[in-house]
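Below: the structure, in C-alpha cells.
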Amino acid sequence: MSDLAPSPLSDAVEDLDAPDAWTPADAEALYHMPAWGEGFFGVNDDGNVCARPDAARDGHIDLAAVVDEVVAGGLPLPAVIRFQDILAARVQALNAAFRQAAEDAEYGGGYTSVYPVKVNQLREVVDEIVEAGRPFGSGIECGSKAELVATLPRLESDDMLCLVNGYKDAAMLRLILTFQRLGRKVLPIVEKASEFEQILKLSDDAGQAPAFGVRVKLAAVAPGPWTKSGGSLSKFGVSLPELVALADRLIEEGRPEALRLLHFHLGSQIGDVAALKHAVREIARVYAGLVRRGLTPEYLDVGGGLGVNYDALPLGAGAGGVDYSVQEYANAVVYAAKEVCDAEGVPEPRLVTENGRAVTAHHSVLVVDVLGATRKPDVADDFELPKGAHPVAGELDALRETAASARGLGELLEVLHDANESREKAHALFQYGYLDLDAAALAERLYWAVCRLIHERVEAAGPEWAPPELDALGDALADQLLCDFSVFQSLMDHWALGQRFPIMPIAGLDQEPTRRARLVDITCDSDGEIAKFVAPEGARRALEVHDLPTGPPDEPYRLGVFLVGAYQDILGDAHNLFGGVSEAHVYLDEDEPSGYYVEETIRGTTVEEMLARVQYFPSDLQARVQTLLREKARAGVVRPKEAQAILADYRAFFPQTTYLDPT
Ligand SMILES: *Cc1c(COP(=O)(O)O)cnc(C)c1O
C-alpha cells in the first residue's frame with residue numbers, strides 16, 4: 001500500500017499547502033448540528049453556539065454570551081439554559097403539521113395537542129407550552145397524584161382538555177369528578193378495568209354523569225427501549241375483551257356517552273412510523289366497533305412518542321433511530337385514521353396526541369465547565385533515549401522509528417503488535433523488580449508515543465477500512481476531560497439507557513478542534529462518564545475538542561449538552577449528593593442590543609438542602625465542629641481566633657451549590 005502520507009518523523013518538511021480555512025459551517029458539520037438541531041442551533045461568526053428559537057424572526061441568541069452574563073451575575077455552573085421560545089416553536093410546528101395533514105387528507109374531525117407534564121413539570125415550561133397552545137385549543141395531561149394536584153388549578157378554561165392517566169385512588173377520582181362538576185373538561189383515563197367500576201360508582205354517588213377515557217391494550221407494538229408501554233404485556237390499559245364488556249355495560253345502563261375517549265401510547269421515541277400507523281388503524285377499528293355498538297367517543301388519543309433525532313440520523317436513513325419529520329408523523333396518524341373511518345363509514349373523531357419529548361427536548365442545554373484534561377503519557381517527537389536506558393525502553397524507542405517508516409496498514413499493525421509485546425514485557429519486568437519506577441514510567445510514555453504515531457499515520461491515510469485494532473487506537477488515545485457535573489443528576493438516560501446526547505464546545509468554534517476526548521463527571525462512580533457520542537454513522541467513543549491550556553484554565557472551556565429538555569431535568573438522581581443544577585430562562589428580544597433577555601435565574605440546590613434530604617442539619621453539624629474546635633483550642637492546637645475562622649469557613653459551605661468552583 002502506498003497511500004500513507006509522509007510521516008512527520010521521516011519527513012520534517014512542513015506541508016506548505018495551506019489547508020482550507022476552518023469556518024463556522026465546518027464546526028456545525030463536525031458536530032452534526034443540522035441533523036439534530038431542527039434549525040434551532042448553529043455557530044455564529046464569533047465561533048459561538050447560537051440559538052435561533054424562532055424561524056419566523058431572524059434573531060439569534062449567543063449561548064456563550066448568555067452563559068458569560070449569568071455567570072458574571074453570580075449563577076454557578078453547571079446550569080440548564082432554557083430557550084423558552086423553542087417550546088412555543090415546537091408546539092406551533094406540531095399543530096401546523098396536523099393542520100396540514102388534515103387539510104391534505106380532508107380529515108374533518110379536528111386535532112388537539114395535549115402536553116404530558118411528566119416530561120418536564122417545571123412550571124415555567126408548562127406555562128410556556130400552555131400559552132403557545134392556547135390559539136390551537138391545546139390540552140394537558142397528568143399521570144400521578146402530585147401532577148394532578150399541580151395541574152387542575154391551572155386549567156385555563158372549561159374548554160381546555162385535561163387527561164388524567166396513570167393509576168388513581170378513590171380520592172384522586174373524587175377530585176377529578178369534582179372538577180368535572182365545576183365544568184372543567186377533565187377526563188380520567190381508565191388504566192385497568194377495576195377503575196371503570198370505581199368511576200361509575202363515584203359518579204353515581206356524586207349524582208353526576210360519568211365521563212372518562214379508556215387506555216386500550218393493542219396488539220401493535222413499537223420496537224425500542226420503551227416498547228413495554230404498549231402491547232399485550234404492558235402494565236397499562238384494558239384488553240379488548242374487557243373493553244367489550246365495559247361497552248356492553250354502558251349500553252345496558254343507558255349511558256353510552258360516558259366513554260369520551262379511546263387512548264393508546266406506544267412508548268417514547270417511536271423509531272418506526274409504520275408501527276404507529278398499525279396502532280392507529282387498530283385503535284380506529286376499535287373506535288368504529290364501539291360506534292357501531294352505539295357508543296359515542298369523541299376523541300381518539302394516539303398518545304406520545306414522536307421521536308427526537310438525538311443521533312443525528314439523516315431523514316430516511318431507516319437505521320432504527322428516529323429519521324422521520326414531524327410532518328410525516330402527523331400524516332401517518334391522520335391518514336391512518338381517515339382510511340379506517342372512511343372504510344367503516346363512521347364519523348371522524350377528534351385526534352389527540354400527547355407528545356412530550358418532541359415538544360420539550362430542544363429547548364434546554366446543559367452547560368458544564370471543563371475542569372481539566374488528562375492526556376495519555378507521551379514523549380516529544382525529538383525525544384532522545386538517555387544513555388543506559390533499559391533495553392525494553394530501547395525496543396519501544398526503536399518502534400517509533402519503525403512506525404514512522406512503515407509502508408502500509410499491515411506494517412503499522414505489526415508495529416502495534418510489537419509495541420504491545422514490549423509493553424507487556426516492561427510490566428512483567430517491573431513486577432519482578434528488574435525495572436525501576438522511572439524506567440517503567442518511561443516505557444509507558446514510549447508505548448503511547450508509538451501508538452500515537454501509528455494513529456497519526458492511519459488518520460493521514462484515511463483508509464476506507466482499517467483493521468479494528470488500528471481503528472480502536474483513536475479511542476484509546478483520547479484525552480479525558482473532567483467536567484463539573486453529575487451524569488446521574490443531569491443525564492440519567494445516558495447512564496440508564498445508554499442514550500446519546502449531542503455535545504459540543506459552546507465557544508471557540510472559529511478554531512478547529514484538534515483533540516478527541518471522553519468526558520468524566522465529578523461523582524466517585526466509574527459509571528459517571530460519557531464515552532458515547534452522537535454520529536450518524538453510529539455512536540463514537542470520543543468527542544472532538546480543542547486543545548486546552550495545561551494547568552488551571554485561565555479561559556473557561558465549556559461544553560453544551562443539547563436536547564436535554566425532556567425527562568433529564570426531572571429524573572435527576574442525588575448520587576453523591578450532587579443536587580439540581582442552576583437554571584437560566586432566556587427569551588429572544590430584538591430590542592435588546594444582545595438580541596435576548598434573561599428572564600429568570602435559579603441557583604442550583606444548596607449543600608444545606610441536599611443534606612436535609614438525608615437528615616443532616618447545620619445546627620448539629622456546626623455544633624460538632626464547634627465542640628472539636630473548643631477542645632483543640634484548649635489543648636493549644638489552634639488559637640481561639642483561628643478556631644473562629646475555621647468555623648466560619650465550614651459554615652460558608654451550607655449555602656453553596658453542590659458542584660465545584662472552577663476559579
Ligand atoms: C410518557 C407518556 C407520554 C409522553 O411520551 P413522549 O414520548 O414524551 O411523547 C404520553 N402519554 C403517556 C400516557 C405517557 O405515559
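full-length UniProt numbering puts the sequence shown at residues 1 to 663.
Virtual Cβ for every residue (Gly too), placed ideally from N, Cα, C.
Separation of residue 602 from residue 20, as counted between CA atoms: 43 angstroms
Reduced DSSP secondary structure (H/G/I, E/B, other) of residue 13: Below a pLDDT of 50, predicted positions are generally treated as unreliable, and residue 13, at 38, falls in that range; no measurement from the model is reported.
Bridge partners - residue 372, DSSP secondary structure assignment: 482
Straight-line gap, residue 181 to residue 491 (C-alpha atoms, nearest Å): For residue 181 and residue 491, the distance between alpha carbons rounds to 42 angstroms.
Between the CA atoms of residue 372 and residue 551 - distance to the nearest angstrom: At residue 551, the pLDDT of 47 sits below 50, so the modelled position is not reliable; the number obtained from the coordinates is stated separately. Between residue 551 and residue 372, the C-alpha separation is close to 7 angstroms.
Identity of the residues DSSP links to residue 585 by a beta bridge: 82 and 600
Chain-ordered list of residues that sit, by beta carbon, closer than 5 angstroms to a heavy atom of ligand 1: 116, 119, 165, 265, 268, 303, 304, 305, 354, 355, 356 and 357
Alpha helix (DSSP H) runs contained entirely in the UniProt domain "Arginine decarboxylase helical bundle" (396-461), provided each spans 4 or more residues: 409-431 and 437-461
C-beta neighbour in chain B for residue 110, strict 8 angstroms: The structure shown has no chain B; it contains just one protein chain.
Neighbour-count burial assignment, residue 494, 16 or more Cβ in a 10 Å radius: buried
Minimum C-alpha distance to residue 66 - residue among 628, 584, 110 and 592: 584
Top-ranked residue by Cα proximity to residue 75, from 605, 88, 253 and 241: 605
Collapsed DSSP secondary structure at residue 105 in the structure displayed: helix
Opening and closing residue of the alpha helix (DSSP H) in which residue 45 lies: Residue 45 -> no alpha helix (DSSP H), and no H or E assigned at all.
8 angstroms contact criterion, which residue 332 and residue 563 should meet: CB distance rounded: Actually they do not touch by this definition, with Cβ atoms about 22 angstroms apart.
N- and C-terminal bounds of the beta strand (DSSP E) containing residue 262: For residue 262, the uninterrupted beta strand (DSSP E) segment begins and ends at 259-263.
Of the residues 507, 525 and 145, the one placed nearest residue 556, counting alpha carbons only: 507
Distance CB(residue 84)-CB(residue 586) smaller than 8 angstroms: Yes, the Cβ-Cβ distance between residue 84 and residue 586 is below 8 angstroms.
The region 469-484 touching the region 518-528, judged by at least three CB pairs closer than 8 angstroms: yes
DSSP three-state assignment for residue 563, whether helix, strand or coil: Per DSSP, reduced to three states, the secondary structure at residue 563 is coil, with no helix or strand assignment.
DSSP state of residue 205 mapped onto helix, strand, coil: helix
Straight-line gap, residue 35 to residue 565 (C-alpha atoms, nearest Å): In a straight line, the C-alpha of residue 35 is about 17 angstroms away from that of residue 565.
Local Cβ density within 10 Å of residue 278, reported as buried at 16 or more and exposed below that: buried
Three-state class that DSSP yields for residue 364 in the structure shown: strand
Contact check, residue 113 vs residue 143, beta carbons under 8 angstroms: In this structure, residue 113 sits away from residue 143, with a CB-CB distance that is not shorter than 8 angstroms.
DSSP three-state assignment for residue 506, whether helix, strand or coil: The three-state reading of DSSP puts residue 506 in coil, since its state is none of H, G, I, E or B.
Residue of 463, 401 and 390 minimising C-alpha distance to residue 435: 390
Boundaries of the beta strand (DSSP E) in which residue 520 is found, first to last residue: In the DSSP assignment, residue 520 falls within the unbroken beta strand (DSSP E) covering 515-520.
Own chain, CB closer than 8 angstroms to residue 44, minus 5 neighbours either side, in chain order: 24, 50, 60 and 62
Rounded separation between residue 426 and residue 503 - CA only: 38 angstroms
Top-ranked residue by Cα proximity to residue 406, from 453, 423 and 393: 453
Span separating the alpha-carbon of residue 368 from that of residue 505: 10 angstroms
Rounded C-alpha distance that separates residue 217 from residue 145: Distance between the alpha carbons of residue 217 and residue 145: 23 angstroms.
Ranges of the alpha helix (DSSP H) found wholly within the region 118-194, counting only runs of at least 4: 123-133, 145-151 and 170-181
DSSP state of residue 657 mapped onto helix, strand, coil: strand
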